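Each residue of the sequence shown is one higher than the last, beginning at 285 in this note's numbering. Every residue, glycine too, gets a C-beta built ideally from N, C-alpha and C. Because the structure is a prediction, the values reported are computed rather than measured. Please read the structure below before turning to the comments.
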Amino acid sequence: MNKAQRKWAILLAVLLAGVFVCVAFANAIQTAWGGIEITEGVLPTEAGDLTYKLYTPKGAENAPGVLLLHGYQNDHETCAAYAIELARRGVVVLSLDEYGHGASAAGLVNRGYVNHVVKTNYGEDSEADGTFKKIGGSVRYRILMNFSNLSFFDERYTTDDAGNRLTDSSCGGNAAYEFLASLPNVDARRLALSGHSMGTWSSWSVAAAYAGTPIEPKATVLQCGELFTDDAYDSDAIHFNNVLLLQAKWDEFSYFRDYERNVDDALLHTPLRANFLGTTVENAAWNKTFGSFADGSARRMELLYTNHRLTTHHAGGLAVALDWFADALGYENTIPVNDQIAMGKEWLVLAAMLLAVAALIPLMELLLTIPFFGKIVQPLPSRAGIKTKGKWWRGAVITMLIAGFTYPFMTQLGHALLPLPEGVFRMTVGNGFIGWYVLLILVMVVTGIIGARGAKKAGTYDGFYGMGLGSAEQPNRIAWGTMLRACVLVLCMLLMLYGVVALCGLFHGLDLRFIWPFFKTFTWERLGQFFVYIPVFALFFLLNNSKIMASMRTEATYEKGFRGFLKNWWRNALLMVGGILIIVLIEYVPFFLGVGPGADVLFGSTFGGPFMSLLILFVPQVVVFSVLCTYIYRRTGSVWVGAMTVASLAAWIVTGGSAIL
285 MNKAQRKWAI LLAVLLAGVF VCVAFANAIQ TAWGGIEITE GVLPTEAGDL
335 TYKLYTPKGA ENAPGVLLLH GYQNDHETCA AYAIELARRG VVVLSLDEYG
385 HGASAAGLVN RGYVNHVVKT NYGEDSEADG TFKKIGGSVR YRILMNFSNL
435 SFFDERYTTD DAGNRLTDSS CGGNAAYEFL ASLPNVDARR LALSGHSMGT
485 WSSWSVAAAY AGTPIEPKAT VLQCGELFTD DAYDSDAIHF NNVLLLQAKW
535 DEFSYFRDYE RNVDDALLHT PLRANFLGTT VENAAWNKTF GSFADGSARR
585 MELLYTNHRL TTHHAGGLAV ALDWFADALG YENTIPVNDQ IAMGKEWLVL
635 AAMLLAVAAL IPLMELLLTI PFFGKIVQPL PSRAGIKTKG KWWRGAVITM
685 LIAGFTYPFM TQLGHALLPL PEGVFRMTVG NGFIGWYVLL ILVMVVTGII
735 GARGAKKAGT YDGFYGMGLG SAEQPNRIAW GTMLRACVLV LCMLLMLYGV
785 VALCGLFHGL DLRFIWPFFK TFTWERLGQF FVYIPVFALF FLLNNSKIMA
835 SMRTEATYEK GFRGFLKNWW RNALLMVGGI LIIVLIEYVP FFLGVGPGAD
885 VLFGSTFGGP FMSLLILFVP QVVVFSVLCT YIYRRTGSVW VGAMTVASLA
935 AWIVTGGSAI L
């Protein structure tokens with residue numbers, strides 16, 4: 285091993301050691317330094333096996349219990365903050381992978397669906413005024429449009445004339461709740477539940493299913509949940525005990541649930557909210573408890589200055605919830621509610637994820653010293669085709685505008701309405717990206733042809749080599765041999781990263797994420813979905829890298845050293861994420877000014893919600909991708925390795941734990 289190889293080997297070892305140290309400390313936090321026993325298991329149901337994570341305080345006997353239900357596109361680990369903080373205070377906590385999420389085998393379709401949708405709050409709708417409408421479209425569209433339909437609602441909401449029906453809007457929560465109640469160290473008379481987003485509808489369904497039974501929930505905490513009137517269900521038979529609603533101020537889904545663009549006092553002073561609180565419209569107030577815990581009538585709406593996705597880990601909201609559970613279940617918070625450690629676990633796992641992704645670089649460098657892989661490396665194309673400052677900025681602006689303004693439309697259409705075979709393309713959020721990527725692929729092919737013709741006329745055309753897809757020896761041909769070697773190289777890199785994730789799960793029950801799922805081990809079903817989506821993802825990132833890294837190269841591409849890398853990287857990062865940043869501004873600037881979510885205001889509510897809220901995850905993800913792609917292109921002289929690496933990571937993120945039909 286020569287000096288350069290030793291350097292890369294040492295760096296690889298240091299980065300991997302950092303991963304495991306971070307995860308070990310994260311595990312120490314989630315177990316409260318040995319005070320909480322954590323087990324993972326499988327709960328068999330008629331719909332399929334459901335996976336869960338159980339947090340048991342050491343020595344717990346006759347303890348209160350809480351069931352946690354995550355939101356759409358999340359999994360049980362998204363509930364970790366609530367689980368850790370409750371378990372530290374003596375509560376047994378069960379966190380479930382609901383239908384179609386995490387490692388659970390039951391798909392989202394087991395929730396059921398009908399062919400109508402309500403355009404206003406349930407119980408306030410009317411067929412006469414057109415707010416109760418029939419819908420068509422794909423199965424996934426009807427499932428998504430029925431998220432707010434609950435299986436205990438009136439029959440007109442839960443069945444349709446085509447024979448479709450809602451079957452279990454708890455998404456497996458009923459089975460999990462019964463399992464929690466059966467645990468020998470749990471007091472089945474002191475149970476509660478909490479859900480976020482989609483999980484709030486699951487929570488309502490569980491609370492309704494067990495209302496009036498010996499194990500009825502004593503409290504329900506809704507994180508960004510929807511309200512409905514007593515007319516939507518049999519309110520004489522079903523009573524909900526002690527309900528806390530945590531309301532995000534800047535909730536991207538506010539129009540979807542409340543049909544109002546802003547969360548403000550106007551929303552507070554409505555009959556629906558006042559009835560929930562058990563007071564008059566004039567007396568309704570944020571952050572005030574109405575009713576009594578003794579008879580189950582306690583109600584509260586806590587206004588949190590955060591957005592939809594960050595509600596799950598908002599310290600203030602969690603503190604209010606901890607007090608709520610203690611009051612409803614009759615135990616004392618021996619640890620102050622503001623004494624919270626759960627975010628420490630999240631930051632450590634984030635650090636571990638970044639270190640693991642960074643470890644791909646030294647591993648690649650070591651593999652490139654092997655003759656088979658070494659043939660991938662070639663000089664960068666000549667400077668003949670570089671962009672001047674003016675041309676680069678013109679191309680950059682056009683690229684960003686096309687990417688940005690197609691994002692809200694094509695992702696939402698692909699999410700539910702594009703005619704993709706549902707038995708094949710089963711990842712709902714993945715379908716959204718498929719819709720967007722396919723359009724951008726077509727745009728890149730057309731603009732690439734136009735650009736090549738212009739370069740030929742100008743005498744600067746350098747073939748596929750200049751596009752990062754050819755070789756110096758045969759510049760006018762696609763370098764298929766390089767592509768094959770790159771695929772094997774990327775496979776080796778992915779296997780290392782997958783091994784790291786598997787070890788973290790095996791020894792510590794943790795994957796690599798930050799609050800939401802990123803890199804998880806696959807079930808066989810999800811691995812199959814990875815191979816379904818990777819061709820489109822690979823084609824998109826190959827063309828994307830070809831345009832951004834190669835065809836848009838500047839003098840900075842050739843500047844050596846770290847300074848040269850930075851000068852090249854910020855340009856590439858801007859091209860990769862700039863369009864999305866435009867949409868971020870369009871979405872959130874009007875929101876913060878009190879006008880409402882930009883996508884809802886400008887494009888209509890159809891194009892708001894899920895993919896707008898995903899921006900908080902997507903932007904940093906693409907920034908990391910831009911670092912990898914920039915380094916690898918400068919190192920190898922082609923886009924094959926970088927594009928295939930980030931395409932694989934993106935497909936892994938989409939298929940590893942998010943919603944599956």
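Query raised in the report: For Pro-620, which residues of its own chain have a beta-carbon under 8 Å away from its beta-carbon, when the five flanking residues on both sides are left out?
Result: Indexing the sequence shown from 1 puts residue 620 at position 336. Listed in chain order, the non-local C-beta contacts of Pro-620 below 8 Å within the same chain number zero, local neighbours out to five positions each way being set aside.
Query raised in the report: Three or more beta-carbon pairs under 8 Å between the region 848–859 and the region 708–720, yes or no?
Result: Contact between the region 848–859 and the region 708–720 is absent, because fewer than three Cβ pairs lie under 8 Å.
Query raised in the report: Where does Asp-520 land, buried or exposed, given buried means 16+ other C-beta within 10 angstroms?
Result: Translated into the one-based positions of the sequence shown, residue 520 becomes position 236. By the neighbour-count criterion, in which 16 or more other beta carbons inside 10 Å mark a residue as buried, Asp-520 falls on the exposed side.
Query - Euclidean distance between Cα positions of Val-402 and Phe-512 - result: The residue labelled residue 402 in the question sits at position 118 within the sequence shown. The residue labelled residue 512 in the question sits at position 228 within the sequence shown. One C-alpha to the other measures close to 12 Å.
Requested in this report: Measure the alpha-carbon distance for Gln-531 versus Gln-507 and round it to whole angstroms.
Outcome: Along the sequence shown, one-based indexing puts residue 531 at 247. Along the sequence shown, one-based indexing puts residue 507 at 223. Between Gln-531 and Gln-507, the C-alpha separation is close to 7 Å.
Query - Whole-angstrom distance between His-597 and Leu-295, CA atom to CA atom - result: Counted from its first residue, the sequence shown places residue 295 at position 11. Counted from its first residue, the sequence shown places residue 597 at position 313. Rounded to the nearest whole angstrom, the C-alpha separation of Leu-295 and His-597 is 33 Å.
Query - Contact check, Asn-526 vs Ala-582, beta carbons under 8 Å - result: Position 242 of the sequence shown, counted from the first residue, corresponds to residue 526. Position 298 of the sequence shown, counted from the first residue, corresponds to residue 582. With contacts defined as CB atoms closer than 8 Å, Asn-526 and Ala-582 qualify as a contacting pair.
Query raised in the report: Going along the chain, which unbroken runs of the alpha helix (DSSP H) with 4 or more residues stay wholly within the region 545–589?
Result: Contiguous alpha helix (DSSP H) elements confined to the region 545–589 occur at 549–552, 555–561, taking only those with 4 or more residues.
Query raised in the report: DSSP on Thr-513, reduced to helix/strand/coil?
Result: Counting from one through the sequence shown, the residue named residue 513 turns up at place 229. Coil at Thr-513, not helix or strand.
Query raised in the report: Going by the beta-carbon positions, is the gap between Ser-666 and Met-751 smaller than 8 Å?
Result: Residue mapping note: residue 666 aligns to position 382 of the sequence shown, counting from 1. Residue mapping note: residue 751 aligns to position 467 of the sequence shown, counting from 1. It is not a contact, given that the beta carbons lie outside the stated cut-off.
**Report entry** Cβ-Cβ separation, Ile-427 to Val-393 (assumed contact under 8 Å), whole Å
**Finding:** The sequence position of residue 393 within the sequence shown is 109, counting from 1. The sequence position of residue 427 within the sequence shown is 143, counting from 1. That pair is a contact at about 7 Å.
**Report entry** Same chain only: Cβ atoms within 7 Å of Asp-381, ignoring 5 sequence neighbours per side
**Finding:** One-based indexing of the sequence shown puts residue 381 at position 97. Taken in chain order, the residues that qualify are Leu-334, Thr-335, Tyr-336, Asp-359, His-360, Ala-387, Ser-388.
Requested in this report: Please report the Cβ distance between Ala-935 and Tyr-782, rounded to the nearest whole angstrom; I am assuming they are in contact, meaning their Cβ atoms lie under 8 Å.
Outcome: For this step, residue 935 is matched to residue 651 along the sequence shown. For this step, residue 782 is matched to residue 498 along the sequence shown. The beta-carbon separation of Ala-935 and Tyr-782, rounded to 13 Å, does not stay under the 8 Å limit for a contact.
Requested in this report: Can you give me the Cβ contacts of Phe-821 inside the same chain, cut-off strictly under 6 Å, excluding the 5 residues immediately before and after it?
Outcome: Taking the first residue of the sequence shown as position 1, residue 821 is located at position 537. Around Phe-821: Ala-931, Ala-934, Ala-935.
**Report entry** Residue range of the alpha helix (DSSP H) that includes Trp-720
**Finding:** For this step, residue 720 is matched to residue 436 along the sequence shown. For Trp-720, the uninterrupted alpha helix (DSSP H) run begins and ends at 712–742, by DSSP.
**Report entry** Local conformation of Tyr-339 per DSSP, three classes
**Finding:** Walking along the sequence shown from the start, residue 339 turns up at place 55. In the structure shown, the three-state DSSP call for Tyr-339 is strand.
Report task. Verify whether the separation of the beta carbon atoms of Ala-465 and Leu-327 is less than 8 Å. Result -> The residue given as residue 465 occupies position 181 in the sequence shown. The residue given as residue 327 occupies position 43 in the sequence shown. No.
Query raised in the report: Quick one: any contact between the region 598–607 and the region 549–558, if contact means 3 or more CB pairs under 8 Å?
Result: In short, these stretches do not touch, since the Cβ pair count stays below three.
Report task. Drop a sphere of 10 angstroms on the beta-carbon of Asn-828, count the other beta-carbons inside from all chains shown, and report buried for 16 or more, exposed for fewer. Result -> Residue 828 sits at position 544 when you count from the first residue of the sequence shown. Buried: at least 16 other Cβ atoms inside 10 Å.
Query raised in the report: What alpha helix (DSSP H) runs, 4 residues minimum, are completely inside the region 464–551?
Result: Segments of the alpha helix (DSSP H) lying fully in the region 464–551: 482–493, 538–542.
Query raised in the report: His-792 and Ala-301: beta carbons closer than 8 Å?
Result: Reading the sequence shown from its first residue, position 508 is the one you call residue 792. Reading the sequence shown from its first residue, position 17 is the one you call residue 301. Cβ atoms of His-792 and Ala-301: not closer than 8 Å.
Requested in this report: Give the range of the beta strand (DSSP E) segment to which Lys-287 is assigned.
Outcome: As a first step, residue 287 must be located in the sequence shown, where it is residue number 3. Run containing Lys-287: none in the beta strand (DSSP E); it sits in the alpha helix (DSSP H), 287–314.
Query raised in the report: Name the DSSP beta bridge partners of Leu-801, please?
Result: On the sequence shown, residue 801 is found 517 positions in, with the first residue counted as 1. In the sequence on display, residue 801 carries Pro and not Leu. Secondary-structure assignment with DSSP links Pro-801 through a beta bridge to Arg-797.
**Report entry** Identity of the residue in Pro-501, Gly-496, Gln-314, Leu-528 nearest Glu-510 by Cα
**Finding:** Residue 510 sits at position 226 when you count from the first residue of the sequence shown. For Glu-510, the nearest C-alpha among the options comes from Leu-528.
Query - Residues bridged to Ser-379 [DSSP beta-bridge criterion] - result: As a working note, residue 379 is residue 95 in the sequence shown. Beta-bridge pairing links Ser-379 to Lys-337, Leu-352.
**Report entry** Cβ separation of Ala-316 and Val-470, assumed to be a contact under 8 Å, to the nearest whole Å
**Finding:** Along the sequence shown, one-based indexing puts residue 316 at 32. Along the sequence shown, one-based indexing puts residue 470 at 186. Incorrect: roughly 18 Å between the Cβ atoms, too far for contact.
Query - Inter-residue Cα distance where the pair is Ala-640 and Phe-902 - result: The residue you call residue 640 lines up with position 356 of the sequence shown. The residue you call residue 902 lines up with position 618 of the sequence shown. Distance between Ala-640 and Phe-902, taken at the CA atoms: about 19 Å.
Query raised in the report: Does DSSP put Ala-347 in a helix, in a strand, or in coil?
Result: Counted from its first residue, the sequence shown places residue 347 at position 63. Shown here, Ala-347 sits in a strand according to DSSP, grouped into three states.
Query - Outcome for Val-298 when other beta-carbon atoms lying within 10 angstroms are tallied against a minimum of 16 - result: In the sequence shown, the residue the question calls residue 298 occupies position 14. In summary, Val-298 is exposed, with fewer than 16 beta-carbon neighbours lying within 10 Å of its beta-carbon over all protein chains present.
Report task. Determine, using beta carbons only, whether Gly-926 and Ile-916 come nearer to each other than 8 Å. Result -> Counted from its first residue, the sequence shown places residue 926 at position 642. Counted from its first residue, the sequence shown places residue 916 at position 632. The Cβ atoms of Gly-926 and Ile-916 sit closer than 8 Å to each other.
Query - Helix, strand or coil at Ile-368 [DSSP, three-state] - result: Start at 1 with the first residue of the sequence shown, and residue 368 comes out as number 84. Here Ile-368 carries a helix assignment [DSSP, helix/strand/coil].
**Report entry** Selected residue, minimal CA-CA separation from Thr-329, among Ala-310, Phe-304, Phe-463, Ser-432
**Finding:** As a position in the sequence shown, residue 329 is number 45, starting the count at 1. Closest option to Thr-329, Cα to Cα, is Phe-463.
Query - Of the listed residues Val-398, Gly-355, Asn-399, His-400, nearest to Ser-379 (C-alpha basis) - result: Translated into positions along the sequence shown, residue 379 becomes position 95. Looking only at Val-398, Gly-355, Asn-399, His-400, the smallest Cα-Cα distance to Ser-379 is reached by Gly-355.
**Report entry** Limits of the alpha helix (DSSP H) - the one that Gly-688 falls within
**Finding:** Counting from 1 along the sequence shown, the entry for residue 688 is found at position 404. Its alpha helix (DSSP H) spans residues 673–700.
Query raised in the report: Within the present structure, is the beta-carbon of Ser-453 separated from the nearest heavy atom of the ligand NAD by less than 7 Å?
Result: This structure does not include the ligand NAD; it has no bound ligands of any sort.
Report task. With a 10 Å radius around its C-beta and 16 neighbouring C-beta atoms as the bar for buried, classify Glu-630 as buried or exposed. Result -> Numbered from 1 along the sequence shown, position 346 holds the residue referred to as residue 630. Buried is the call here.
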